[in-house]
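Undergrad: This is the structure I want to talk about, given as C-alpha cells.
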Amino acid sequence: MSCTNCGFSVLSSAAIPAAPHPELLISGVPSESQTAEIEAAIALAGQNITAVDAEMEGLQKALEDHSARRRELEEFSLKHQAALSAIRKLPAEVLGEIFSWCRDADYDGELRFDPKWIVTRVCRTWRAAAVSTPRMWDEIQVGSALYTSEACLVLLLSQQIQWSGQLPLSVKWSGPYNPSPAVTHSLVDLFLSVAHRWRSANLWLGRSEYWIPAADSEYHILAEFTGSFPILQKLEFCDTLVTEIPASLSTIFRASPLLQHLKLPLCYRPALHHFPWTQLKTCHFPACTAPDIAEVLRLTSNIVNVSIEGYHRDAWHHGDERPASVTIPTLQTLTVSTYGLESGTLLGALVTPALQRLTVEKCTLNHHQILDFLSHCVLTHLKLDDVDLATDGLLAMLVLLPHLIDLVLHGTVDTHISPSFVKALTCVPGRRPPSLVPHLASLSLAGLFRCPNRVILDMLRSRNAATGSGALRKVIFVPLYVSPVIPAVDELRAEGLDVTCVQPEKTL
Numbered sequence: 001m002s003c004t005n006c007g008f009s010v011l012s013s014a015a016i017p018a019a020p021h022p023e024l025l026i027s028g029v030p031s032e033s034q035t036a037e038i039e040a041a042i043a044l045a046g047q048n049i050t051a052v053d054a055e056m057e058g059l060q061k062a063l064e065d066h067s068a069r070r071r072e073l074e075e076f077s078l079k080h081q082a083a084l085s086a087i088r089k090l091p092a093e094v095l096g097e098i099f100s101w102c103r104d105a106d107y108d109g110e111l112r113f114d115p116k117w118i119v120t121r122v123c124r125t126w127r128a129a130a131v132s133t134p135r136m137w138d139e140i141q142v143g144s145a146l147y148t149s150e151a152c153l154v155l156l157l158s159q160q161i162q163w164s165g166q167l168p169l170s171v172k173w174s175g176p177y178n179p180s181p182a183v184t185h186s187l188v189d190l191f192l193s194v195a196h197r198w199r200s201a202n203l204w205l206g207r208s209e210y211w212i213p214a215a216d217s218e219y220h221i222l223a224e225f226t227g228s229f230p231i232l233q234k235l236e237f238c239d240t241l242v243t244e245i246p247a248s249l250s251t252i253f254r255a256s257p258l259l260q261h262l263k264l265p266l267c268y269r270p271a272l273h274h275f276p277w278t279q280l281k282t283c284h285f286p287a288c289t290a291p292d293i294a295e296v297l298r299l300t301s302n303i304v305n306v307s308i309e310g311y312h313r314d315a316w317h318h319g320d321e322r323p324a325s326v327t328i329p330t331l332q333t334l335t336v337s338t339y340g341l342e343s344g345t346l347l348g349a350l351v352t353p354a355l356q357r358l359t360v361e362k363c364t365l366n367h368h369q370i371l372d373f374l375s376h377c378v379l380t381h382l383k384l385d386d387v388d389l390a391t392d393g394l395l396a397m398l399v400l401l402p403h404l405i406d407l408v409l410h411g412t413v414d415t416h417i418s419p420s421f422v423k424a425l426t427c428v429p430g431r432r433p434p435s436l437v438p439h440l441a442s443l444s445l446a447g448l449f450r451c452p453n454r455v456i457l458d459m460l461r462s463r464n465a466a467t468g469s470g471a472l473r474k475v476i477f478v479p480l481y482v483s484p485v486i487p488a489v490d491e492l493r494a495e496g497l498d499v500t501c502v503q504p505e506k507t508l
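Numbering-wise (the UniProt record's numbering), the sequence shown opens with residue 1 and increments by one.
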C-alpha cells in the first residue's frame, strides 16, 4: 500500500487488527469464545509489530546509506568549489606578500612551528609561493629546540638561508637547549657563512651552567671568524650574566664599518677600547656602572640616543674618582632606568646641550644634580615614570624647560598632585603665553590628586589651545587609589581638549 500524499510504500499487512469485542475494552468479563478471539487479535498484532520492526530496520539502513551518500556528495561539492576559489587565482607574488605578514619577529618557540613554516605545509601552491618570497625568510633565529632534532634544526635553517635569496638578514641567536659542541659549530658556521648579509644581530651567546663562556662556546667560535660584516648596522649582546666578553670579539667590530646601534652590558667593565664608539649613533646599556657610562660617552662623537638600564648607585667605589663632567654635544635622546636607585649621580656628570628627549624611570631624583643637568638642555619631551616627585623640585625643573612640548609625570604611590603644583601650571588671565612651560601641548599626570576639581579645571581651560592662552591639546590623568575622578571630561572635550581619564586604582 502506498501513501496517498507522498507515494511512500508501507506494509499493507501490518495494519492494526479490528477489535473483536470493543465493548470489553471498557468493562465486562469475556466468555471462553471471546477470550480466544481476543488472544488471536493480540497474536496478529504481535506479528505485525515484528513486520514493522523489520521494515524500520530496512528504512534505517536506507537512511544511513543516504546520509553517507549525502556527505560524500557534499565533500565532492566543497572540494570542487575550492578549486574555483578566488584565492586560487591570486598570482604567486600576491600570495607571497600575504605570507610575508606571517613573520613573527618575537617568536621564540620551536622553529618548525613558526607560522611561516606552517604555511609551507598547506599545499604545493602555497609552499611554492612561500619559497619564492625571499622577504618571508630574511629574519633568521635560533631559539628553543626541545622537540626538534639537531639534524632537523640545521636542515631548516639551511633551507631558510637559501630561500632568503640575497636579502639583508636579521639574525637572532639564543641557542638551542643544551646543544652538542658539533651542532653548535654547525649552526654558528651556518650563520657566519652569510655574515656579509647580516644587517642586524641579536646574540645571546655562551650559555652554560655557570654563565661562563666555555672554550667551545659561540663566543669563541665567533671570535675566530676572519670574515667581515660589511652591512651590519645593529648589534645587540643580551648576555647580562656572562662574566666577560672576550677581547678577541673586537674582530666583529673592526669588521663592521656601518655599525651604528650597539646593545652591550657593561656590568663587568669590558675593555672599552675594543668597541667602535665613534661611529655609533645609538647605545643601550642593560647593566652598567657610572664610571663605565662616563667613559663610554666620553669616547663617542656621533651618539644620538642612549638608553641606560640597571645603573648602580654605588658606581664610584673602590677608589674610583668621580670624573669631571662629560660633554656629549650630539646626544638628543636619553633614557635612564635605575630601579629604585638615585639617578642624579650619573646625570650630574653629563652635559648634553642638544638633548631633546629625557626619560627617567624607577628611581629617586637628586634635585640639585638634576637641576644642574637640565640647565644645559633644550628639552622638548620629559618623562618621569615611577619617580618620587616633590612639588618644589618639579616646579624648579619646569622653570628650566621653556621649550617643553610633552610632559609625562607619573609618580610613585606616595606622590601627591598638589594644589600648588596645579596652580603653578595655570595661566594668569590676560597673560599670553603662560610663564611656565609656555609651549606645553601634551600633559600626562599620575598620582594622588589632592586638589579641588575647580583648580584642575581652571588650569586645563587656561592652557587649552582652542579656547585659552596656552598650547595644550592632549591630557591624560591617572588618579591613583582614592583620588577623585577628574570631572567635566565631556565638557572639556567639547571645548576642543583631548582628555583621557583612567579610572582610579584601588590596589597595586
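Each residue gets a CB set at the ideal place from its N, CA and C atoms; glycine is no exception.
At a cut of 8 Å, does the region 282-289 reach the region 255-267 through at least three beta carbon pairs?
TA: Output reads yes: the region 255-267 touches the region 282-289.
Undergrad: Please state whether the Cβ-Cβ distance between D385 and T364 is less than 8 Å.
TA: Start at 1 with the first residue of the sequence shown, and residue 385 comes out as number 385. Start at 1 with the first residue of the sequence shown, and residue 364 comes out as number 364. No, they are not a contact pair.
Undergrad: Got a sec? Which residues, its chain only, sit under 8 Å from S418 by beta carbon, not counting five neighbours each side?
TA: If you number the sequence shown from 1, residue 418 lands on position 418. The residues are T391, R450, C451.
Undergrad: What is the DSSP secondary structure of W173, reduced to helix, strand or coil?
TA: The residue labelled residue 173 in the question sits at position 173 within the sequence shown. In the structure shown, W173 sits in a strand (DSSP, three-state: E or B).
Undergrad: Pick from I221, P479, G470, E37: whose alpha carbon is nearest that of L497?
TA: As a working note, residue 497 is residue 497 in the sequence shown. Checking every option, the nearest Cα to that of L497 belongs to G470.
Undergrad: Could you pull out every unbroken beta strand (DSSP E) segment of at least 3 residues lying fully inside the region 405-466, listed in chain order?
TA: Fully enclosed beta strand (DSSP E) runs of 3 or longer: 406-411, 442-449.
Undergrad: Indicate the three-state DSSP secondary structure (helix, strand or coil) for T359 in the structure shown.
TA: For the purposes of this step, residue 359 is identified with residue 359 of the sequence shown, where counting begins at 1. Residue state, collapsed to three classes: strand.
Undergrad: Starting from the C-beta of R70, find all residues in its chain whose C-beta is less than 6 Å away, skip the five residues before and the five after it, and write them out in chain order.
TA: Residue 70 sits at position 70 when you count from the first residue of the sequence shown. Nothing listed; no residue qualifies.
Undergrad: In the DSSP assignment, find the unbroken alpha helix (DSSP H) run with F191 in it and report its ends.
TA: As a first step, residue 191 is located in the sequence shown; it is residue number 191 there, counting from the start. It spans 181-192 - the alpha helix (DSSP H) in which F191 sits, taken as one unbroken run.
Undergrad: List the residues that DSSP assigns as beta-bridge partners of V326.
TA: The sequence position of residue 326 within the sequence shown is 326, counting from 1. L350.
Undergrad: Per DSSP, which residues does C283 bridge with? Please list them.
TA: For the purposes of this step, residue 283 is taken as residue 283 along the sequence shown, with counting starting at 1. According to DSSP, C283 bridges with L262, V306.
Undergrad: Alpha carbon to alpha carbon, how far is L440 from P213? Give it in angstroms, no decimals.
TA: For this step, residue 213 is matched to residue 213 along the sequence shown. For this step, residue 440 is matched to residue 440 along the sequence shown. Low local confidence applies: a pLDDT of 47 at P213 is under 50, so the model's placement there is unreliable, with the coordinate-based value given in what follows. Whole-angstrom Cα-Cα distance: 50 Å.
Undergrad: Might you give, ordered along the chain, the residues of its own chain that have their beta carbon closer than 7 Å to the beta carbon of L400, omitting 5 neighbours on each side?
TA: Here residue 400 corresponds to residue number 400 of the sequence shown, with the count starting at 1. If we look at L400 and ignore the five residues flanking it on each side, its Cβ neighbours are L371, L374, S375.
Undergrad: Just curious, the beta strand (DSSP E) that F237 is in, first and last residue?
TA: The count along the sequence shown starts at 1 and reaches residue 237 at position 237. Taken as a continuous stretch (DSSP letters only), the beta strand (DSSP E) holding F237 covers 234-237.
Undergrad: Tell me, which residues are paired with C501 by DSSP?
TA: Locating residue 501 in the sequence shown gives position 501, where the first residue counts as 1. DSSP output for C501 lists F477 as bridge partner(s).
Undergrad: With H368 as the anchor, note down where its beta strand (DSSP E) starts and where it stops.
TA: Here residue 368 corresponds to residue number 368 of the sequence shown, with the count starting at 1. Taken as a continuous stretch (DSSP letters only), H368 belongs to no beta strand (DSSP E), being part of the alpha helix (DSSP H) at 367-374.
Undergrad: Restricting to Cα atoms, I'd like to know which of I293, T300, L297 is closest to E309.
TA: As a working mapping, residue 309 is identified with position 309 in the sequence shown. When each option's Cα is compared against that of E309, the closest is I293.
Undergrad: How many angstroms separate the CA atom of L492 from the CA atom of R461?
TA: The residue labelled residue 492 in the question sits at position 492 within the sequence shown. The residue labelled residue 461 in the question sits at position 461 within the sequence shown. Using only the alpha carbons, I get a separation of about 8 Å.
Undergrad: Considering only residues of the same chain and omitting the five flanking positions on each side of T500, which have a CB-CB separation below 6 Å?
TA: Within the sequence shown, numbered from 1, the residue matching residue 500 stands at position 500. Correct list, in chain order: I476.
Undergrad: Label P164 either buried or exposed according to how many other C-beta atoms from any shown protein chain fall within 10 Å of its C-beta, with 16 as the threshold for buried.
TA: Against the sequence shown, residue 164 aligns to sequence position 164. Checking the displayed sequence, the identity of residue 164 turns out to be Ser instead of Pro. S164 comes out buried.
Undergrad: Using the Cβ count rule (16 or more neighbours within 10 Å means buried), how would you classify I42?
TA: To locate residue 42, count along the sequence shown from 1; it is residue 42. Per the 10 Å Cβ criterion, exposed.
Undergrad: According to the Cβ coordinates, are L398 and L436 closer than 8 Å?
TA: One-based indexing of the sequence shown puts residue 398 at position 398. One-based indexing of the sequence shown puts residue 436 at position 436. Closer than 8 Å, so yes.
Undergrad: Give the range of the beta strand (DSSP E) segment to which R199 is assigned.
TA: On the sequence shown, position 199 is the one that residue 199 refers to. It spans 198-203 - the beta strand (DSSP E) in which R199 sits, taken as one unbroken run.
Undergrad: Would you decide whether W101 is buried or exposed? Buried here means 16 or more other CB atoms lie within 10 Å of its CB.
TA: By 1-based counting over the sequence shown, the position of residue 101 is 101. Exposed, since its Cβ has fewer than 16 Cβ neighbours within 10 Å.
Undergrad: Taking the alpha-carbon of G143 as reference, which of S186, C152, E110 has the nearest alpha-carbon?
TA: Looking up residue 143 in the sequence shown gives position 143. The shortest C-alpha separation from G143 is found at E110.
Undergrad: Who are the near neighbours of A446 in its chain, counting only those whose CB is closer than 6 Å to its CB and skipping five residues on each side?
TA: In the sequence shown, counting from the first residue as 1, residue 446 sits at position 446. So the qualifying residues of the chain are H410, V478.
Undergrad: Taking all protein chains shown into account, decide if F76 is buried (16 or more other Cβ within 10 angstroms of its Cβ) or exposed.
TA: Walking along the sequence shown from the start, residue 76 turns up at place 76. By the neighbour-count rule (16 or more Cβ atoms within 10 Å), F76 is not buried but exposed.
Undergrad: With the cut-off set at 8 Å, would you say F225 and L192 are in Cβ contact?
TA: Reading the sequence shown from its first residue, position 225 is the one you call residue 225. Reading the sequence shown from its first residue, position 192 is the one you call residue 192. Yes.
Undergrad: So, at 6 Å on beta carbons, what are the nonlocal neighbours of D406 in its own chain, with the 5 sequence-adjacent residues on each side left out?
TA: Working through the sequence shown from its first residue, we reach residue 406 at position 406. Cβ neighbours of D406 beyond the five flanking positions: H381, S442.
Undergrad: Under three-state DSSP, which class holds S208?
TA: Residue numbering aside, residue 208 sits at position 208 when the sequence shown is read from its first letter. Since pLDDT at S208 reaches only 43, below the 50 mark, its modelled position is unreliable, and the value read off the structure follows with that caveat. Coil.
Undergrad: Within 10 angstroms of the Cβ of M56, are there 16 or more other Cβ atoms? Answer buried if so, exposed if not.
TA: Residue 56 sits at position 56 when you count from the first residue of the sequence shown. Exposed, because fewer than 16 other Cβ atoms sit within 10 Å of the Cβ of M56.
Undergrad: Answer yes or no: do E218 and T184 have a C-beta to C-beta separation smaller than 8 Å?
TA: For this step, residue 218 is matched to residue 218 along the sequence shown. For this step, residue 184 is matched to residue 184 along the sequence shown. Taking 8 Å as the Cβ cut-off, E218 and T184 qualify as a contacting pair.
Undergrad: Do you know how far the Cα of Q166 is from the Cα of H368?
TA: In the sequence shown, residue 368 corresponds to position 368, counting from 1. In the sequence shown, residue 166 corresponds to position 166, counting from 1. Roughly 54 Å separates the two Cα atoms.
Undergrad: Please report the distance separating the alpha-carbon of C453 from that of P438.
TA: Taking the sequence shown and counting its residues from 1, the one referred to as residue 453 is at position 453. Taking the sequence shown and counting its residues from 1, the one referred to as residue 438 is at position 438. Per the sequence shown, the amino acid found at residue 453 is Asn instead of Cys. Their Cα atoms are separated by approximately 23 Å.
Undergrad: Judging by CA-CA distance, which residue of Q160, L472, K383 is the nearest neighbour of C427?
TA: Your numbering for residue 427 matches position 427 in the sequence shown. The shortest C-alpha separation from C427 is found at L472.
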